[in-house]
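Down below is the structure, laid out as structure tokens.
In our numbering, the protein residues as written are 5 to 327.
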């Protein structure tokens, strides 16, 4: 998803502080900011995609070349030279199953899209540096490993008062990609049941608080952040456009009907998600299990370096798993 600004300047200021301050550290207000962001983006891109002058998808040219190379290897090997340093949250089994279901629904109508494989799925909880040389990333990673910061980072969500819950999944989209996006929980019923007091206590520490605190620890180590992902979003990219195939008319140009059919399918998926994976109006009703993700569930936070733009890279450290 194009939810960022490229070539972000390095900063010693925590980019996640301001939203917490603006929201008075209220889980309800923080959730509302995340909801507003994704709702507005979907509305904006729905209008753009359905506009008569829509020129076609924004193709990921690097991924497109990698995909073509995997189908027909050549002697002239193409490689992605963008090295990154990130903290990833990998989805647990039940979220992967939900994503597979959604990908199946989209593949049925748009089979030429590139779908993220299960092992590549992730949320970029914190981006430390992106699109650097291998040497630069190796140096940053070594520094965070040597001073113990990396180990603290990956284990941070497993501590009882640092557990962040994500809820209310919907499919977000633009002209480049699709992603399953979540909201920081704010008192919704929990998948395992519990009293109202427990629910409120659990959600006092939100996903945005977690992002802020992880960023603070990196900054305290003396390393500046060059994060592109600072907007109020918690999303797993599940598909990217790598060609216009399947969306072209026989005589040339974009087939508006095919684009409209894809948008309609996305909206149908979102109706399904709200009906099956969001909590009911009854506060006593538990959250559907596949509608909730506690960060660190299934696999602890991952300290990842290398050519990880599409969810690969090297898993340098993995934190404690939340049971």
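Beta carbons are placed, not taken as given, at the ideal position from N, Cα and C, and that holds for glycine.
(1) If we ignore side chains and look at the alpha-carbon of each, how far apart do residue 168 and residue 46 end up?
(2) Counting only runs that start and end within the segment 63-123, where is the beta strand (DSSP E) found for 3 or more residues in a row?
(3) Would you mind stating whether residue 323 and residue 317 have Cβ atoms separated by less than 9 angstroms?
(4) I need the DSSP call for residue 314, collapsed to helix, strand or coil.
(5) For residue 126 and residue 326, I'd like the C-alpha separation in whole angstroms.
(6) Would you call the CB atoms of residue 294 and residue 102 closer than 9 angstroms?
(7) Determine the direct distance from the alpha carbon of residue 140 to that of residue 288, and round the result to whole angstroms.
(8) Sorted by chain position, which residues of the same chain lie with C-beta nearer than 8 angstroms to residue 159's C-beta, five sequence neighbours on each side aside?
(9) Less than 7 angstroms between C-beta atoms, sequence neighbours within five positions excluded: which residues of the same chain meet that for residue 223?
(10) Do the segment 211-220 and the segment 266-275 touch if we need at least three Cβ pairs shorter than 8 angstroms?
(11) Out of 185, 315 and 118, which one is the CA nearest neighbour of residue 247?
(12) Taking the DSSP output, what are the residues bridged to residue 136?
(13) Along the chain, where does the beta strand (DSSP E) containing residue 34 start, and where does it finish?
(14) Once DSSP output is grouped into helix, strand and coil, what is the label at residue 159?
(15) Does the segment 148-156 come close enough to the segment 258-268 to have 3 or more Cβ pairs within less than 8 angstroms?
(16) Give me the Cα-Cα distance between residue 92 and residue 242, rounded to the nearest whole angstrom.
(17) In whole angstroms, give me the CA-to-CA distance for residue 1 and residue 252.
(18) Determine, using beta-carbon pairs with one atom in the segment 128-148 and one in the segment 44-64, whether at least three such pairs fall under 8 angstroms.
(19) Among 74, 38, 57 and 100, whose alpha-carbon lies nearest the alpha-carbon of residue 302?
In brief:
(1) 25 angstroms
(2) 87-93
(3) no
(4) coil
(5) 16 angstroms
(6) yes
(7) Unreliable positioning characterises residue 288 in this predicted model, as indicated by a pLDDT of 49, which lies under 50. A coordinate reading is not provided.
(8) 304, 305, 323 and 324
(9) 16, 18 and 229
(10) no
(11) 118
(12) 87
(13) Unbroken run through residue 34 is the alpha helix (DSSP H), 31-54; no beta strand (DSSP E).
(14) helix
(15) no
(16) 15 angstroms
(17) The shown model of the chain, from 5 to 327, leaves out residue 1, and the question about it has no answer.
(18) no
(19) 100
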